[in-house]
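Contents: one structure, followed by commentary.
2 protein chains.
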Amino acid sequence: MHSPALEGNLAQPVIRRLDALRQLSERGIALLQRAILEGLQRAGQGEDLANEGDPVDSVRIILSGWLCRFKTLEDGRRQITSFILPGDACDACVYLLSVMDHSIGTLTPVIYADIKRPVFERLLAADQSLAQAFWCETMVNSAIQREWTVNIGRRIALERVAHLLCEIHERLRPVGMIDGDSCAFPVTQIDLADATGLSVVHVNRTLQELRASRLITLRDRTLTIMDLRGLQNIALFTADYLHTKRCG
Amino acid sequence: MHSPALEGNLAQPVIRRLDALRQLSERGIALLQRAILEGLQRAGQGEDLANEGDPVDSVRIILSGWLCRFKTLEDGRRQITSFILPGDACDACVYLLSVMDHSIGTLTPVIYADIKRPVFERLLAADQSLAQAFWCETMVNSAIQREWTVNIGRRIALERVAHLLCEIHERLRPVGMIDGDSCAFPVTQIDLADATGLSVVHVNRTLQELRASRLITLRDRTLTIMDLRGLQNIALFTADYLHTKRCG
DNA sequence: CGTGCGGTTGAAGTAGGTCAAAGGGTGTGG
DNA sequence: CCACACCCTTTGACCTACTTCAACCGCACG
Numbered sequence: 001m002h003s004p005a006l007e008g009n010l011a012q013p014v015i016r017r018l019d020a021l022r023q024l025s026e027r028g029i030a031l032l033q034r035a036i037l038e039g040l041q042r043a044g045q046g047e048d049l050a051n052e053g054d055p056v057d058s059v060r061i062i063l064s065g066w067l068c069r070f071k072t073l074e075d076g077r078r079q080i081t082s083f084i085l086p087g088d089a090c091d092a093c094v095y096l097l098s099v100m101d102h103s104i105g106t107l108t109p110v111i112y113a114d115i116k117r118p119v120f121e122r123l124l125a126a127d128q129s130l131a132q133a134f135w136c137e138t139m140v141n142s143a144i145q146r147e148w149t150v151n152i153g154r155r156i157a158l159e160r161v162a163h164l165l166c167e168i169h170e171r172l173r174p175v176g177m178i179d180g181d182s183c184a185f186p187v188t189q190i191d192l193a194d195a196t197g198l199s200v201v202h203v204n205r206t207l208q209e210l211r212a213s214r215l216i217t218l219r220d221r222t223l224t225i226m227d228l229r230g231l232q233n234i235a236l237f238t239a240d241y242l243h244t245k246r247c248g
Numbered sequence: 001m002h003s004p005a006l007e008g009n010l011a012q013p014v015i016r017r018l019d020a021l022r023q024l025s026e027r028g029i030a031l032l033q034r035a036i037l038e039g040l041q042r043a044g045q046g047e048d049l050a051n052e053g054d055p056v057d058s059v060r061i062i063l064s065g066w067l068c069r070f071k072t073l074e075d076g077r078r079q080i081t082s083f084i085l086p087g088d089a090c091d092a093c094v095y096l097l098s099v100m101d102h103s104i105g106t107l108t109p110v111i112y113a114d115i116k117r118p119v120f121e122r123l124l125a126a127d128q129s130l131a132q133a134f135w136c137e138t139m140v141n142s143a144i145q146r147e148w149t150v151n152i153g154r155r156i157a158l159e160r161v162a163h164l165l166c167e168i169h170e171r172l173r174p175v176g177m178i179d180g181d182s183c184a185f186p187v188t189q190i191d192l193a194d195a196t197g198l199s200v201v202h203v204n205r206t207l208q209e210l211r212a213s214r215l216i217t218l219r220d221r222t223l224t225i226m227d228l229r230g231l232q233n234i235a236l237f238t239a240d241y242l243h244t245k246r247c248g
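Residue numbers (full-length UniProt numbering), protein chains in the order written: chain H, 1 to 248; chain Z, 1 to 248.
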């Protein structure tokens, strides 16, 4: 686990993700890679990396594993506001706000880099392409959050679940986590319900409908999209909001 | 309208907003004020300032008037994803994405400053406090968007509408647009429905319920919150996510 | 071998949607 | 100055997509 080769691989998803948004300079890549290796951390499944109210003083970059942001109402109702996938920088900039207004929990074991704020700021100052890539990432996250608002506000259950699956599929691709038409999908139906604003029971029935329509298979934490076009159609999905083209 | 005094006043909401997030330097204020005055624009009510797919090459800072961001599905369903209030910088950073993934429409006549990207970037480079304030603003907007996800996903109609009213009230305060317990509220029930993910009919009945509970008055585009604590209670509202304390 | 979690099923209830029509205010054109 | 049109609001009746409750199943794990 501590051979240079393996460690180099660890940073791959992040670099792929950022480089897809904004071409990184060689120097930027090297600096980033070093910062990542110096801040390596692990967390188990079902842990909360941060809670509402916590002070924020570092940036976390996810190297492997899935997480989710969520908020909980006083009476226990829970809403997942986004999924954080390998290569995502969670809180690249949230730290500007000093205090967490939401929580972050792991859905799987996770390997991440914890980069202290001053280190991160030096990183951005040292390489313009890195700074721009991180800002782009932040803006894409905002765009995703807007789309979730639309999804939950105006799509019916079937469209809503389908849309979420399309989004995750599309986001996993650039970081190389799609294998054919399948991908890991470590999200329980409970999580899916909390992410879509539906009840577990209804998510269950909705998934069955998607399966019955031969659009997807979802078993043993593996999602297979059998008919991507079909799924996108019923989801009213267009990938524009993910801004996968290079920006800036 | 073109006396220096009046023009100075125009920029007030923006400066108050940004300064509340991150104390601005004298120099920063002066630079910002100049950039604003050089880019003054107007728009009428019901105009779209930008549409999905449009290229983005400037930042708009709202000096007076209300706008909303929204997305429309193919079949006409519409979701407002946020309200843009006086003092807000719409797209302070969205321009990084090059293409709009949503539209922006006016709810009232609007006065705004259109600042071209290179000018804006020079502004940020010239004064650190301005740069930080704008980034903070962007992060607060993300936080608001997350809360909307929670609102629409997990709150019932009554809570949801109440929460939206609380939020707007709270956001108008720092820019000095609250008069006692009243404020302008140029949002139709149609808009309210599109913002909350409800139907117009149900928004209407929900408002009546809030009125019957003597929590609010809403007539002639004026909102009066008669019992703020009560409204916040049923909305499960806490202002934390608005990060009104200085940050950074 | 129990215990607990996630998934599945059925039955019954309800929050909120849809449809349709009517009322009030305002602006416009004849 | 009236009439008409348009937009927003309001109301009533009916409908349904989704929730809730409750139970059961299968599987992994201690």
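No residue lacks a Cβ here, since even glycine has one placed at the ideal position from N, Cα and C.
Which of the three DSSP states, helix, strand or coil, is assigned to residue i?
i	result
V187(H)	coil
I178(Z)	coil
S213(H)	coil
P118(H)	helix
P13(H)	helix
I84(Z)	strand
R69(Z)	strand
I104(H)	strand
A20(H)	helix
N233(Z)	helix
I225(Z)	strand
H2(Z)	Confidence is the limiting factor: at H2(Z) the pLDDT is only 49, short of 50, which leaves the residue's position unreliable, though a coordinate-based value still follows. Here H2(Z) sits in coil by DSSP.
A92(H)	coil
N142(Z)	With the sequence shown as reference, residue 142(Z) is identified as Ser, and Asn is not the correct amino acid for it. In this structure, S142(Z) counts as helix in the three-state DSSP scheme.
L192(H)	helix
residue 286(Z)	Nothing about residue 286(Z) can be read from this structure; chain Z reaches only from 1 to 248.
L123(Z)	helix
D48(H)	strand
R60(H)	strand
Keeping to the same chain, check which residues put their C-beta closer than 7 angstroms to that of residue i; ignore five residues upstream and five downstream.
i	result
Q232(Z)	C166
M1(H)	Confidence in M1(H) is poor, its pLDDT being 45 and thus under 50, which makes the residue's placement unreliable; the coordinate value appears in the next sentence. Counting only Cβ-Cβ distances below 7 angstroms, and skipping sequence neighbours, we find nothing.
D227(Z)	R214, L215
S25(H)	D127, S129
P86(H)	P13, I62, L63, S64, G65, V175, M177
K116(H)	D57, S58
I234(H)	L158, E159, A162
Return no unless some Cβ of chain H is closer than 8 angstroms to the Cβ of residue i.
i	result
T81(Z)	yes
H163(Z)	no
I152(Z)	yes
T149(Z)	yes
S103(Z)	no
G230(Z)	no
A143(Z)	yes
R146(Z)	yes
L236(Z)	yes
C136(Z)	yes
Can you find a C-beta in chain Z that's less than 8 angstroms from the C-beta of residue i?
i	result
T244(H)	no
Y241(H)	yes
K71(H)	yes
L96(H)	yes
Q12(H)	no
G197(H)	yes
L223(H)	no
C90(H)	no
C93(H)	yes
E74(H)	yes
Is residue i buried or exposed, if buried means 16 or more other CB atoms sit within 10 Å of its CB?
i	result
T238(H)	exposed
I216(Z)	buried
N151(Z)	buried
L73(H)	exposed
Y137(Z)	Checking the displayed sequence, the identity of residue 137(Z) turns out to be Glu instead of Tyr. So E137(Z) ends up on the buried side.
Q132(Z)	buried
R69(H)	buried
Return the chain-ordered list of same chain residues with a C-beta closer than 8 angstroms to the C-beta of residue i, the five sequence neighbours on each side being excluded.
i	result
G53(H)	V99, M100
Any heavy atom of the ligand MG closer than 7 angstroms to the beta-carbon of residue i?
i	result
L37(Z)	The ligand MG is not part of the structure shown, which contains no ligands of any sort.
Given residue i, which residues of its chain have a CB within under 6 angstroms of its CB, disregarding the five upstream and five downstream residues?
i	result
A11(Z)	Q33, I36
(Q) Three or more C-beta pairs under 8 angstroms: does that hold for the stretch 45-53 of chain H against the stretch 75-84 of chain H? (A) no
Q. Looking at C-beta atoms only, is the number of pairs between the stretch 106-114 of chain H and the stretch 51-65 of chain H that lie closer than 8 angstroms three or more?
A. yes
Q. Three or more beta-carbon pairs under 8 angstroms between the stretch 155-165 of chain H and the stretch 184-200 of chain H, yes or no?
A. Yes, since at least three Cβ pairs between the stretch 155-165 of chain H and the stretch 184-200 of chain H fall closer than 8 angstroms, the two stretches touch.
(Q) When you compare the stretch 90-100 of chain H with the stretch 17-28 of chain H, are there three or more beta-carbon pairs, one atom per stretch, that lie closer than 8 angstroms? (A) no
Q: Could you tell me whether the stretch 186-196 of chain H touches the stretch 240-247 of chain H, using the rule of 3 or more Cβ pairs below 8 angstroms?
A: no
Q.
Can you confirm whether the stretch 135-146 of chain Z touches the stretch 173-191 of chain Z when touching is taken to mean that 3 or more C-beta pairs between the two stretches lie within less than 8 angstroms?
A. Contact between the stretch 173-191 of chain Z and the stretch 135-146 of chain Z is absent, because fewer than three Cβ pairs lie under 8 angstroms.
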